[in-house]
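Please read the structure below before turning to the comments.
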Amino acid sequence: MLICVAIVPRRVPKSERPPVRSPSAYILFFSRLAKSRKGEIKPGMTGIQDLSKEAAAMWNNMTIAEKKPYDDEVEILKIEYQKKLDEYWKTVSSTTIREINARREYEGRTKIHRPHQESASKRPKGSYLRFLEDFRRSDDGRAILEAGLTPTGRAVVNVARTAGERWRAMSASDKAPYVEAFQKAVAKWEAKQAKSASL
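In our numbering, each residue carries its 1-based index in the sequence shown increased by 990.
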């Protein structure tokens, strides 16, 4: 007889987990209301449900000016949360992230991932890509995008095709600003690469 034993991943201590997300303005309001009425809440689920209904009605009847202190506090809490989260990602090990994700997967929750870092080693955009960005923002580019799907293809494909045709038709002097911007960006990038390599 074969017995299968499921290995439960360890629960990562709270101190090693990411910081808790900042609450919304309503949650802040509700938690303050619950604290102020702690002695009045009936024991059990019905007391919490009654308080939730009352809090929702109160919140919906509040004016924007009455909600503003909660909104302001939420903005401050969001900034603090973002700072803590940035610090967390700088210091947390990959092993800890794997352990957290193993536990989250076991519990049927989504995994957490390191935020995408804009790489300092990423080579700057070429002169054509710089022109393409400008073309997309131009009146002609926006008109093509707004046209949507046409017999010649999707809007983004049509924008790229038209931009390519215009780029090839441009003279060297017309391309010069894009080429110069690219060369400056490459010089900066190479200097940064050399500096980081010497560290």
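Every residue gets a Cβ at the ideal spot worked out from N, C-alpha and C, and that includes glycine.
All values derive from a computational prediction rather than experimental measurement.
Delimiting residues of the alpha helix (DSSP H) encompassing residue i
i	result
I993	Per DSSP, I993 belongs to no alpha helix (DSSP H) and is neither H nor E.
R1094	1084-1096
V998	Per DSSP, V998 belongs to no alpha helix (DSSP H) and is neither H nor E.
I1054	1054-1081
S1012	First-last for S1012: undefined, no H or E at that position.
S1117	1117-1127
Exposed unless 16 or more other CB atoms sit within 10 angstroms - verdict on residue i
i	result
V1064	buried
A1045	buried
V1010	exposed
S1012	buried
I1054	exposed
I993	exposed
I1038	exposed
I1213	Because the chain here runs from 991 to 1189, residue 1213 falls outside it and cannot be looked at.
Three-state secondary structure (DSSP) of residue i
i	result
T1140	strand
M1048	helix
S1161	coil
S1026	helix
V1002	coil
K1043	helix
I1038	helix
T1152	helix
R1132	helix
I1102	coil
K1178	helix
K1112	coil
Residue i and residue j closer than 9 Å at C-beta
i	j	result
L1041	R1022	no
G1154	Y1118	yes
R1007	I1090	yes
P1059	W1079	no
A1145	A1137	yes
V1169	Y1096	no
E1123	K1112	no
T1086	V1002	yes
A1015	K1073	no
R1126	R1120	no
T1152	D1130	yes
L1018	L1075	no
R1000	R1093	yes
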